[in-house]
Amino acid sequence: MEPYTLILLCILVMAYILIRLENRRDFGNGKKALLRQSFGAIPQRENRDYGGIEYDWDFEQTNLSEQEQIDEITWNDLEMDAVYLRINNCRSFAGEQALYTALHRLSQNREAEESLRGKIRYFGEHETERERATYLLHCLGKEHGSYYLPVFIRNLKGFEIPNIQFYRFMRGLLLCSFLPSALLLDTRYLVFPLFAALSNLVIYSFQKYKYSANLSMLRATLGIIRTARLLSDPGKSGGVEPSPDLGELAQRFSRSARKIMRLNTREQSGLSGDLFSLLNAYLVGVTLSDFIRYNKLLRELDGRKEDLLALYQRVGEIDMAISVASFRASLPHWCEPSFTEQDAPCRLEAEELYHPLLSHPVSNSASIRRSCIVTGSNASGKSTFIKAVAVNVLLAQSIFTCSAARLTLPRTGLITSMALRDDILSGESYYIKEIHYLKRIIDSLTPETPTVCIVDEILRGTNTQERIAASCAVLRYLAKHNCLAIVASHDIELTQLLESQYDNFHFSEQITDGGIAFSYKIHSGPADSKNAIRLLEYMGFPEEITW
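The numbering of the sequence shown is full-length UniProt numbering, which starts it at 1 and goes up by one.
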């Protein structure tokens, strides 16, 4: 080859490499710009299956008392799936799972609370560090299978390949099968290693599917270890100041990470379609060595299971903290809650409180010093208000962020009875289901921890006379048993019968010839107006109905 041809070829290769590097850098910069713009924006709904985000919570809830967690009925009553999606700006599977777990848990751990508060503030104030962390978490990603990682970590022994001693025996048998041919110098005896190799290849082929599926969990584990190391490395990513021990925790898994990389490299090369890589993968498969190394690695990780779980949760908490900081920046106004002392009376003091799902909310201020009944006409805003109170009680004690200008409250349990409907499949009527919900509320009350109880239209599944009598009895019981009950009702009679134990608030409307106008503002005292007939008239019902 002529010298100038060689020089030209080298120039072309270098140009190709430089162009690839430049394109990669431009792509990275473009992705970083998109991530930067997403902070403080309302998250876009992703068209994907969110199955798996609950796996971490499924384990965590077993360690909590009923007072420390949000039950499924309350979660559904408050439409918390929608609230979760409104807050969720997470970039990794670990962050999404951490946020889902946090929203189900009412924090009682002061140290963990201060740690999370500090991270949220830090990422809200430090743009450069936030952008670096966001990009690293985005690289960790949301691969569907990765959501199974909490199950994998907690049950590593269950993912070991069974009968590993048999595989060791078969590998030894393969090696020993060469001895007759080597000692007797007779090629006819090569039939023994050939038979052993074919046997091992069949075993490898049958077991490889399960092995490959489990290896995806190890890739997710490697992603967590790498991300933690980069988040804590000032030289590469700027580090993450709120988690100073993250790097030390990641360093404990440096050897394990290298072993995972070797297993993964062989697995990926076998899938590349390259003939040499494919042959190499099957040669390794014939010895069953990867199965043996895989089990050894799982036992190694199992010995440091708690550290690995802590690492996964730390990375998820950083992602969640950035997401909550973004949620705060997207709200019209927000505050961190102020908690009263444990022995203080159970009261809620709210200023400019609103529901975070509303795009154009009307804020309300209220001082709820004891249980109360909220009355008002249809569509006046009472149900939205009590739901906003409940959601903010939950957010205050989970992510320490309230959609309000100020919120002062005790540390409480939270339970609701709101979105009821007949259940045809179970054969339960509306009323039967409602009394089950109310019994669940009564059973949840404890003298040690106050409970905020939200009820929308108590006992509306029965006749008026019995509803009033039974409602009075239930509400009196709640008021006496360490419960701050907030009840929305159309039954004005309750405000009079319970005035010695319950305060009253109401929502009102203005009726004009042009229609009905709602202010959606709360007022003290019981409601004194009704609008059911006027609403029928406004909607165009015949006069013989509305006269």
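Built from N, CA and C at the ideal position, the CB exists for glycine as well.
These figures come from a predicted structure and were not determined experimentally.
Where residue i falls: helix, strand or coil (DSSP)
i, result
"Y520", "strand"
"R168", "helix"
"N214", "helix"
"A479", "helix"
"E499", "coil"
"C139", "helix"
"Q163", "Note that residue 163 is Asn in the sequence shown here, rather than Gln. In this structure, N163 counts as coil in the three-state DSSP scheme."
"L106", "coil"
"C335", "strand"
"E288", "The sequence as given places Leu at residue 288; Glu does not occur at that position. Residue state, collapsed to three classes: coil."
"S326", "helix"
"I70", "coil"
"A473", "helix"
"Q342", "coil"
Spatial distance of residue i from residue j (CA atoms)
i, j, result
"F159", "A82", "34 Å"
"A220", "L149", "7 Å"
"E300", "S256", "8 Å"
"T449", "P410", "9 Å"
"G247", "T227", "10 Å"
"F195", "K210", "24 Å"
"D56", "R369", "37 Å"
"I545", "E457", "25 Å"
"G540", "S524", "33 Å"
"Q130", "I42", "Rather than Gln, the amino acid found at residue 130 in this sequence is Arg. Computed Cα separation, rounded: 17 Å."
"E509", "Q37", "41 Å"
"T128", "R314", "20 Å"
"P447", "A485", "15 Å"
"R266", "V324", "39 Å"
"E537", "L35", "51 Å"
"L64", "D58", "11 Å"
"L394", "E543", "46 Å"
"S330", "Y354", "14 Å"
"Q501", "Y477", "10 Å"
Same chain only: Cβ atoms within 7 Å of residue i, ignoring 5 sequence neighbours per side
i, result
"S398", "A102, L103, R105, L106 and S107"
"A321", "L116, K119, I120 and F123"
"E351", "S365, A404, A405 and R406"
"E317", "A98, L116 and K119"
"T495", "I373, T375, N504 and P526"
"A197", "L174 and V286"
8 Å Cβ shell around residue i - same chain, five flanking residues per side excluded
i, result
"residue 556", "It is not possible to answer for residue 556, since the shown part of the chain is limited to 1 through 547."
"N200", "M170, R171, L174, G285, V286, T287 and L288"
"R252", "R304 and D307"
Cβ-heavy atom distance, residue i to the ligand NAD, below 7 Å
i, result
"S205", "As for the ligand NAD, it is missing from this structure, which has no ligand bound."
Close Cβ partners of residue i (< 6 Å) along its chain, the five nearest in sequence each way excluded
i, result
"R467", "L459"
"N214", "F159"
"L222", "A257 and I260"
"C346", "P410, P450 and L484"
"S367", "E349"
"T340", "P410"
Minimum Cβ-Cβ distance from residue i to chain C less than 8 Å
i, result
"T221", "This model lacks chain C altogether, as it is built from one protein chain only."
Which ranges would you report for the beta strand (DSSP E) in the stretch 389-459 if only whole runs of at least 3 residues count? 406-409, 413-417 and 451-456
Indicate whether the contact test is met: 3 or more Cβ pairs, each with one atom in the stretch 152-170 and one in the stretch 303-322, closer than 8 Å. yes
Does the pairing of the stretch 105-125 with the stretch 67-78 give three or more beta-carbon distances under 8 Å? yes
Measuring CB atoms only, is the stretch 73-92 touching the stretch 409-419, in the sense that at least three cross pairs come out at less than 8 Å? yes
In chain order, which alpha helix (DSSP H) runs of at least 4 residues are fully inside the stretch 38-66? 55-60
In chain order, which continuous runs of the beta strand (DSSP E) of length 3 or greater are located wholly inside the stretch 345-378? As for any beta strand (DSSP E) of minimum length 3 sitting wholly inside the stretch 345-378, the runs are 348-353, 364-368 and 372-376, ordered along the chain.
Report the residue ranges of all alpha helix (DSSP H) runs contained in full by the stretch 110-160; include only those spanning at least 4 residues, in chain order. 110-125, 127-140 and 149-154
Three CB pairs or more closer than 8 Å across the stretch 344-358 and the stretch 384-400: Yes, they touch.
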